[in-house]
Every structure is written in C-alpha cells, then in structure tokens.
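**Student:** Quick note on the working numbering: the sequence shown kicks off at 1264 and runs consecutively.
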Amino acid sequence: MTSQTTIDTTGPGDKASAPSDPTPAGGLRGHPWFTLITVAVGVMMVALDGTIVAIANPAIQKDLGASFADVQWITNGYFLALAVSLITAGKLGDRFGHRQTFLIGVTGFAAASGAIGLSDSIATVVTFRVFQGLFGALLMPAALGLLRATFPAEKLNMAIGIWGMVIGASTAGGPILGGVLVEHVNWQSVFFINVPVGALALILGLLILTDHRAENAPRSFDVLGIVLLSGAMFCLVWALIKAPSWGWGDGKTWAFIAASVVGFALFAFWETKVREPLIPLGLFRSVPLSAGVVLMVLMAIAFMGGLFFVTFYLQNVHGMSPIDAGLHLLPLTGMMIVGSPLAGAMITKLGPRIPLAGGMLATAIAMYGMSTLKAGTGSLTMSIWFALLGLGLAPVMVGATEVIVGNAPLELSGVAGGLQQAAMQIGGSLGTAVLGAVMASKVDNDLPGNWKDAGLPPLSQSQLDQASEAVQVGVAPVPKGTPEAFAAKITSVAHDTFISGMSLASLVAAGVAAVAVLVALLTKRGQNADAGAGVGHI
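1. Measuring alpha carbon to alpha carbon, tell me which residue in GLN1729, ALA1344, VAL1304, THR1314 is nearest TRP1501.
2. Look at GLN1735 and GLY1764 and say whether their C-beta atoms are less than 8 Å apart.
3. Are the segment 1739-1750 and the segment 1591-1611 touching, with three or more C-beta to C-beta distances below 8 Å?
4. Is GLY1555 near the ligand COA, judged by its Cβ being under 7 Å from some heavy atom?
5. Does the separation of the CB atoms of LEU1621 and MET1403 fall below 8 Å?
6. Buried or exposed for ASP1728, please, with buried defined as at least 16 other CB atoms from any protein chain shown within 10 angstroms of its CB.
7. Going by other Cβ atoms of all chains shown within 10 Å of its Cβ, with 16 needed for buried, is GLN1724 buried or exposed?
8. Do LEU1624 and LYS1705 count as a contact pair if the criterion is CB distance below 8 Å?
9. If you compare alpha carbons, which of ILE1439, ALA1495, HIS1361, VAL1334 is closest to ARG1392?
10. Where are the alpha helix (DSSP H) runs, 4 residues long or more, that stay fully inside the segment 1736-1775, in chain order?
11. What residues in its chain sit with their C-beta under 6 Å from that of GLY1614, if we drop five residues either side in the sequence?
12. Please work out which residues of its chain come closer than 6 Å, Cβ to Cβ, to GLN1324, disregarding the five sequence neighbours upstream and downstream, and give them in chain order.
13. Taking the C-alpha atoms as reference points, what is the distance between GLY1396 and TYR1341?
14. With three or more C-beta pairs closer than 8 Å as the rule, is the segment 1457-1477 touching the segment 1632-1643?
15. As a quick exercise: from VAL1668, ALA1779, ALA1554, LEU1499, pick the residue whose alpha carbon is nearest that of LEU1693.
16. Distance, Cα to Cα, GLU1732 vs GLY1436?
17. How big is the Cα-Cα spacing for GLY1442 and THR1387?
18. Please identify the residue among ASP1485, ASN1457, LEU1381 whose C-alpha is closest to the C-alpha of GLY1313.
19. Can you tell me whether PRO1287 is buried or exposed? The criterion is at least 16 other CB atoms within 10 Å of its CB, across all chains shown.
20. Three-state secondary structure (DSSP) at THR1473?
21. Should VAL1347 and MET1496 be called a contact, given that it needs their Cβ atoms to be closer than 8 Å?
22. For the pair the segment 1563-1583 and the segment 1697-1704, tell me if three or more CB-CB distances fall below 8 Å.
23. I'd like the list of long-range same chain contacts for VAL1780, defined as Cβ closer than 6 Å, with 5 residues on each side in sequence excluded.
24. For VAL1448, does the count of other Cβ atoms within 10 angstroms reach 16, so buried, or fall short, so exposed?
25. Within the same chain, show all residues whose beta-carbon is closer than 7 Å to that of PRO1540, passing over the 5 residues directly before and after it, in chain order.
26. Around the C-beta of PRO1459, are 16 or more other C-beta atoms found within 10 angstroms, so that it is buried, or is it exposed?
27. Buried or exposed: which applies to LYS1278, given that a residue is buried once 16 or more other Cβ atoms fall within 10 Å of its Cβ?
28. Using the C-alpha atoms, what's the distance from ASN1708 back to LEU1410?
29. Near ALA1303, what residues of its chain come up, given a Cβ to Cβ distance below 6 Å and the 5 sequence neighbours on each side ignored?
30. To the nearest whole angstrom, what separates the beta carbons of ILE1667 and GLY1582, a pair I think is in contact under 8 Å?
31. Between ALA1717 and LYS1752, is the Cβ-Cβ spacing less than 8 Å?
32. Flag this pair as yes or no: are the beta carbons of PHE1761 and VAL1580 separated by less than 8 Å?
33. Counting Cβ pairs closer than 8 Å, one from the segment 1371-1378 and one from the segment 1411-1426, do we hit at least three?
34. For SER1603, which residues of its own chain have a beta-carbon under 7 Å away from its beta-carbon, when the five flanking residues on both sides are left out?
35. With burial defined as no fewer than 16 other Cβ atoms inside 10 Å of the residue's Cβ, what is the status of VAL1524: buried or exposed?
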C-alpha cells in the first residue's frame, strides 16, 4: 500500500471539511457556549489532577507505608499514560466521534479517581493513576475537537481562550485546593472530589454535546502506527523521567533516547505507506502548524521547567505552607484567568503572530526576573514576576492551540488536539528533566566551595552527595543535634546554593522563551479555522 493521505485546505467552501450533522439552530443540545461549559468541567478535572496530587503525596506515603520511589510513580504513572496515549486518543475521537470519547473519558477518569480514594495499597493507587492518565488522554483532545466543530471561526479564539483559562486556573489552583483538603479532610478527598465533578460533566455531556463527524473522517485504524508511535513516546518520556536518577551520562538513559529516535523514524516511514495513517505527515507541510507544535514544546519547557523550582523556593527557602505557596502563585493564576479571554479577542482581531511573539517575550522577561530572586526577596517583587509570567503565557496557551487545531482539517481535529497536548506534556517533561540537570550540575559545582568558605566541617563524598540532593530542592541538610550557630550557617549555604542553581535554570528557561519568540513569527491564523463557520448558534 503506497497511497498517501492528502490534506485539503481549500477553506470554507470545502465540503469535506464541513460537519456531516450541523448543530441545531437553538436549544441546549449543540449550543456552542453550553458545549464550552461542559468540556471545561471535564478538562478541569484532568488539569487539577496534574498538581493537586503532589500536595497529597507525603500523606499517601505515610498512610500506606510507601517508599519515595513508590510515591514518585503516583505522578510518573499518570504522566506516562497520559503522554503516550494522547495522539492515539485523538484519533479515536476522529473515528468514533468526540462526544463519545469525551463521555467515556469523563466517566473513566471519575471512576478511577474514586477507586484511588478507596485504595489501601500503593500498588493499587499507582494502577488506577495509570487508568486516570489513559482516560484523561481520551478527554483532552476530544474537548478541543468539540470546540473546533461547534464554534464558528470568529468565536473559536475566544472559546479556546476560556478553555485555556480553565486549564491555567485549575493547574495553578491545584496546590491551594490540595493543601486545604489534605490539611482539613484527608488525602483520599483529593481524589474523591473528582467523582461529583465527573458526574456533573457526564450529565451535561449527555444533555448538551452533539456528535460532529467530518464526511471524510477516518474509517480504519493504523494499528502498526499506533504501536510504533506509542513505543517511541514511551521510550522518550521514560528516559526523561528516569534521567534525574540514572544520570544524563548513563548508558540506560541514552539507550531509551536512541530507541525513541529509531521508533519515531520507523513511524514516519510507515506513515508514508499506510492508506489511512495515524498522523498524516502532510499535516507538517503546514509551516504554521509545525511552528505551533514547536512553540508549545518551548513554552512548556520554559514554563513548567522554570516553575518546578518555584514551589521548592517558596516552601523550603521561604518556609511557606503548601496553602501559602499556592496563594503566592495567585498573581500568575489571576493573570492567566484575565489574560486568556483577552488574548483570544486580540488574536481574533490581529491574528496570532504578534500576540504569540509578545507573550513569549513577556515570558522570557519574567523568567529572567525570576533568576534575580534571592532568599530575602519580598512578596511584592515575586508577585510582579509571577503576574508577568501569567500575562505572557495566556496568549501562547490560546494562540498556539488555535494555530495547531485551526491549521488541521476538521476530520483531523482530534489528532491535532492530541498533538497540542502531547507537545505540552513532552515540553514539560523536557523542561523538568533538562533544567533539573542544570540545577543539579550547578549545585554539585558550587556546594563544596560554599561549604568550605562558610568554615563548616569537611564532608565525606557520600555526605556531600546526600547534602547536594537535599540542596537541589532547597532543603538545608542540618543533622539532628547541630548547634544553632552551625545550623544557621548550613541553612544559609544551602539556600544560597539552591538559589544560584535556580537562577541559572531560570536563565536557561528565559533563553528558551527567547528562541520561542522567533518561532512565533512563523505562525498564522488557521487556514481551516473558518471551516466550521456558520455551524452552531451563538
């Protein structure tokens, strides 16, 4: 089989790009704004779970007697399942309908959450976290596919802006809500809260969502393509997850990276041969779509990688509780909430290029500002940089999503949504892994000299390694019974060394954001964004 799928981008008059069942002119079912509310409720669960669970991990570890490695898998298992499955899940939506995959995703995610809350072993928790990731992968691209099919072009950016606002607010609000629930209820409540939210999304979905399918939607599955892509994604994400513990110079890390490269190459070759490929490579002949994918990766590297250390900075250097740390991130959340719909309106009026480039420039400046934070920096200064970061991220979250989804044909909107989410997940993993390596290298390099200059007793190599691991997350390695004067010196050395590593990591993130400014200049409004014009009643 040597035929290749061609991507027709002829625009609003293209019959193949139009939904086969136009939305009714009125009523609840199929109404675009009610559709947005419905998918926002479902997406909120997935976005919230990305950060809320981190607050519950210490309580889970203590209650279930888990090891540190076990607790890491509570996060890694979820992330791995989500990242590997997103594009395939998007294809399932394109084939069977985004309404069905969204409803299955919502139901499965809520059920898996309830099962975690009832679990009495760490193995069961990790198992159902994997199921959460799989069902979350069904839900996320389907939400974008529903928005793309339901909203006319002139309203799509605003809808995606609100969608991005929900994701940003849920992600940033996770630590606050998680802290309240863990401190005042129990760790199980962090998962049980998804059950009523999921039930609400399911009821709304049954009442409101309408299935849209393009006339030339895929009718078969590229099974080998799914296997090759999933295997390549698994090897890449696994290498990024394990690199901090294995080390970037370890043979196992590079073996998995090499396996992922081979897997991606075989996948690309196979996609040119199969009749209905998982990802038609013709999609990437669109420079704006390709730029949007790269931009999403770079944004996530700078944002998630840079922000990873901020939570340690607030809690371990400034000594804040999880709730206080979450409250200090409210300027970031608030600016994303305010900025996302405004960014959608601006992109509708000006196109995505200027808002995207401006957003990444603001992100670069914010990350540079965060590189100047010190142990004694006040809340006002921190808030300024956090607010600027939120303001910069808003147009990128909205615009890059619209560029990717809008430049894909309607019948591939699920795959495009999967690409967008996969790019963000991989970028976040890359940012955490690479900037984590930068932090570790800087701490390993500076700690011995700082320790010696402070006049502290010399450490053996094993003691120095243990101290370095603690300092990398802002913890002062003060042994029990240490005199107060020495404890103060150790704390000062630990915090200063951590901040030097965080500063370098933030500068690298700023550099990545600066490169993203140039990539943003290659974007433009989706050629197919108006394919759904006239669909739905606003």
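Cβ coordinates follow ideal geometry from the N, Cα and C atoms, glycine included.
**Tutor:** According to the structure shown:
1. In the sequence shown, the residue the question calls residue 1501 occupies position 238. Of GLN1729, ALA1344, VAL1304, THR1314, the residue nearest in Cα terms is ALA1344.
2. Along the sequence shown, read from residue 1 onward, the residue named residue 1735 stands at position 472. Along the sequence shown, read from residue 1 onward, the residue named residue 1764 stands at position 501. Yes, these two residues count as a Cβ contact at 8 Å.
3. no
4. For the structure depicted, the ligand COA is absent and the ligand set is empty, with no information on it obtainable.
5. The count along the sequence shown starts at 1 and reaches residue 1621 at position 358. The count along the sequence shown starts at 1 and reaches residue 1403 at position 140. The residue you asked about is not Leu; residue 1621 is Gly in the sequence shown. Cβ distance not < 8 Å, so GLY1621 and MET1403 don't count as in contact.
6. Taking the first residue of the sequence shown as 1, we reach residue 1728 at position 465. Under this definition ASP1728 is an exposed residue.
7. By 1-based counting over the sequence shown, the position of residue 1724 is 461. The residue in question, GLN1724, is exposed, as its Cβ has fewer than 16 Cβ neighbours within 10 Å.
8. Numbered from 1 along the sequence shown, position 442 holds the residue referred to as residue 1705. Numbered from 1 along the sequence shown, position 361 holds the residue referred to as residue 1624. Contact: no.
9. Here residue 1392 is taken as the residue at index 129 of the sequence shown, counted from 1. Residue VAL1334 is the option with its Cα nearest to ARG1392.
10. Entirely contained in the segment 1736-1775, not one alpha helix (DSSP H) run reaches 4 residues.
11. Indexing the sequence shown from 1 puts residue 1614 at position 351. Answer for GLY1614: ARG1788, listed in chain order.
12. Along the sequence shown, read from residue 1 onward, the residue named residue 1324 stands at position 61. VAL1334, listed in sequence order.
13. Along the sequence shown, read from residue 1 onward, the residue named residue 1396 stands at position 133. Along the sequence shown, read from residue 1 onward, the residue named residue 1341 stands at position 78. Roughly 5 Å between the two C-alpha positions.
14. no
15. One-based indexing of the sequence shown puts residue 1693 at position 430. Minimum Cα distance to LEU1693 is reached at LEU1499.
16. On the sequence shown, residue 1732 is found 469 positions in, with the first residue counted as 1. On the sequence shown, residue 1436 is found 173 positions in, with the first residue counted as 1. Their backbone Cα atoms lie some 28 Å apart in a straight line.
17. Mapped onto the sequence shown, residue 1442 falls at position 179. Mapped onto the sequence shown, residue 1387 falls at position 124. Taking the straight line from one Cα to the other gives about 23 Å.
18. As a first step, residue 1313 must be located in the sequence shown, where it is residue number 50. Among ASP1485, ASN1457, LEU1381, the Cα nearest to that of GLY1313 is on ASN1457.
19. Numbered from 1 along the sequence shown, position 24 holds the residue referred to as residue 1287. Only weak support is given to the placement of PRO1287: the predicted model assigns it a pLDDT of 45, under 50, and the question is left unresolved by the model.
20. Position 210 of the sequence shown, counted from the first residue, corresponds to residue 1473. Note: THR1473 maps to coil in three-state DSSP.
21. Here residue 1347 refers to the residue found at position 84 of the sequence shown. Here residue 1496 refers to the residue found at position 233 of the sequence shown. Yes, Cβ-Cβ distance for VAL1347 and MET1496 is below 8 Å.
22. With the cut-off at 8 Å, the segment 1563-1583 and the segment 1697-1704 touch.
23. Position 517 of the sequence shown, counted from the start, is the residue given in the question as residue 1780. Correct list, in chain order: ALA1620, MET1623, LEU1624.
24. Translated into positions along the sequence shown, residue 1448 becomes position 185. Exposed, since its Cβ has fewer than 16 Cβ neighbours within 10 Å.
25. Counted from its first residue, the sequence shown places residue 1540 at position 277. Only THR1268, ASP1485, GLY1488, GLU1534 meet the Cβ criterion.
26. As a working mapping, residue 1459 is identified with position 196 in the sequence shown. Under this definition PRO1459 is an exposed residue.
27. Residue 1278 sits at position 15 when you count from the first residue of the sequence shown. At LYS1278, the pLDDT of 37 sits below 50, so the modelled position is not reliable and the matter cannot be decided from this model.
28. Here the question's residue 1410 lines up with position 147 in the sequence shown. Here the question's residue 1708 lines up with position 445 in the sequence shown. Distance between the alpha carbons of LEU1410 and ASN1708 is about 49 Å.
29. Stepping through the sequence shown from its first residue, residue 1303 is reached at position 40. Answer for ALA1303: VAL1429, listed in chain order.
30. Sequence index remark: in the sequence shown, residue 1667 carries index 404 (1-based). Sequence index remark: in the sequence shown, residue 1582 carries index 319 (1-based). Not really, about 41 Å apart at Cβ, beyond 8 Å.
31. Here residue 1717 refers to the residue found at position 454 when the sequence shown is read from its first residue. Here residue 1752 refers to the residue found at position 489 when the sequence shown is read from its first residue. Between ALA1717 and LYS1752, the gap from beta carbon to beta carbon is short of 8 Å.
32. In the sequence shown, the residue the question calls residue 1761 occupies position 498. In the sequence shown, the residue the question calls residue 1580 occupies position 317. Going by C-beta atoms, PHE1761 is nearer than 8 Å to VAL1580.
33. no
34. Counting from one through the sequence shown, the residue named residue 1603 turns up at place 340. Within the same chain, SER1603 has close Cβ partners GLY1424, ILE1425, GLY1427, MET1428, GLY1431, ALA1657, MET1660, VAL1661.
35. In the sequence shown, counting from the first residue as 1, residue 1524 sits at position 261. Classification for VAL1524: exposed.
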